[in-house]
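Asker: In the working numbering, the protein residues as written are 392 to 573. Structure below; questions to follow.
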Amino acid sequence: MGEPREIHWVAWRKVCRAKEDGGLGFQSLKVFNRAMLAKQLWRIVTRPDSLVSQIFKCKYFPEKCKYFPDSDMFSAKIPAHASYAWRSLMESWTLIEAGSRWSVRSRASVRLTEDHWLLRPSSFRPTTSLVGWRTRVVVTGLMDAEGDSWDVDLVRALSPQHDADCIVAVPIHGRNENDTLL
Numbered sequence: 392m393g394e395p396r397e398i399h400w401v402a403w404r405k406v407c408r409a410k411e412d413g414g415l416g417f418q419s420l421k422v423f424n425r426a427m428l429a430k431q432l433w434r435i436v437t438r439p440d441s442l443v444s445q446i447f448k449c450k451y452f453p454e455k456c457k458y459f460p461d462s463d464m465f466s467a468k469i470p471a472h473a474s475y476a477w478r479s480l481m482e483s484w485t486l487i488e489a490g491s492r493w494s495v496r497s498r499a500s501v502r503l504t505e506d507h508w509l510l511r512p513s514s515f516r517p518t519t520s521l522v523g524w525r526t527r528v529v530v531t532g533l534m535d536a537e538g539d540s541w542d543v544d545l546v547r548a549l550s551p552q553h554d555a556d557c558i559v560a561v562p563i564h565g566r567n568e569n570d571t572l573l
């Protein structure tokens, strides 16, 4: 009789490598799950009128659901009573936030220093805090009275030259429209 076959154990990280890199090409379930959760969260964010979006908004932000239907679902922390589904979705927010930016509209609710909105791929936000501005200020504070263009003099007075150039280069899309996440 022949010798018994032995099991050759391989680390999971090696199994998940591409075949070209010496692995077996298996998909990492953890990475795949995070990608699917981020995809679902993207649908919730980009389709605020969908049933699942309205359910989550009313469940975790009831005051915003009734009085501020266009509010940002991600401005609050995860409550202690949050469901496993909501906690999992919110953990994938960092993936979406890292790869997206806001398109500024005239009814902007984009936060000046906290949200990604500039056309600067390295960070999508101002590199320095704007002089005299609090952190919770929205970008409409830098627009003219009509809300269809930047107040260039104000922008240049409150920010360094490199930030001012990036700010005034951002196009303001649409009149009386909500911001959109790109």
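Cβ coordinates follow ideal geometry from the N, Cα and C atoms, glycine included.
Kindly confirm or deny that the stretch 421–441 and the stretch 482–495 touch, where touching means at least three C-beta pairs closer than 8 Å.
Answerer: Segments in contact, yes.
Asker: Helix, strand or coil, according to DSSP, for W400 in the structure here?
Answerer: Coil at W400, not helix or strand.
Asker: If G414 sits next to C407, beta carbons under 8 Å apart, how far is it from one beta carbon to the other, in whole angstroms?
Answerer: Confirmed, about 6 Å.
Asker: A489: which of Q445, S513, R434 sits nearest, CA to CA?
Answerer: For the residues Q445, S513, R434, the minimum Cα distance to A489 belongs to S513.
Asker: Between the stretch 528–537 and the stretch 502–510, can you find at least three pairs of beta-carbon atoms closer than 8 Å?
Answerer: Judged by Cβ distances under 8 Å, the stretch 502–510 makes contact with the stretch 528–537, as three or more pairs qualify.
Asker: Between which two residues does the alpha helix (DSSP H) harbouring C449 extend?
Answerer: 442–451 is the extent of the alpha helix (DSSP H) around C449.
Asker: Name, in chain order, the residues that DSSP records as bridge partners for T571.
Answerer: DSSP, once it has assigned bridges, lists S494 as partnering T571.
Asker: Determine the closest residue to D554 out of P517, P395, L442, with distance taken between C-alpha atoms.
Answerer: Comparing Cα positions, the closest option is P517.
Asker: Note down the Cα distance separating R404 from R425, rounded to an integer number of angstroms.
Answerer: The straight-line gap from Cα to Cα measures roughly 17 Å.
Asker: Please work out which residues of its chain come closer than 6 Å, Cβ to Cβ, to S479, disregarding the five sequence neighbours upstream and downstream, and give them in chain order.
Answerer: Counting only Cβ-Cβ distances below 6 Å, and skipping sequence neighbours, we find L428.
Asker: Could you check where the alpha helix (DSSP H) with K410 kicks off and where it finishes?
Answerer: Taken as a continuous stretch (DSSP letters only), K410 belongs to no alpha helix (DSSP H), as it is neither H nor E.
Asker: I'd like the span of the alpha helix (DSSP H) that includes W508, first residue to last.
Answerer: No alpha helix (DSSP H) holds W508; DSSP gives it neither H nor E.
Asker: Are the CB atoms of H507 and R593 within a distance shorter than 8 Å?
Answerer: There is simply no residue 593 to check, as the chain begins at 392 and stops at 573 in what is shown.
Asker: DSSP state of R478, grouped into three classes?
Answerer: In the structure shown, R478 sits in a helix (DSSP, three-state: H, G or I).
Asker: Would you call W400 buried or exposed, if buried means 16 or more other Cβ atoms sit within 10 Å of its Cβ?
Answerer: The residue in question, W400, is exposed, as its Cβ has fewer than 16 Cβ neighbours within 10 Å.
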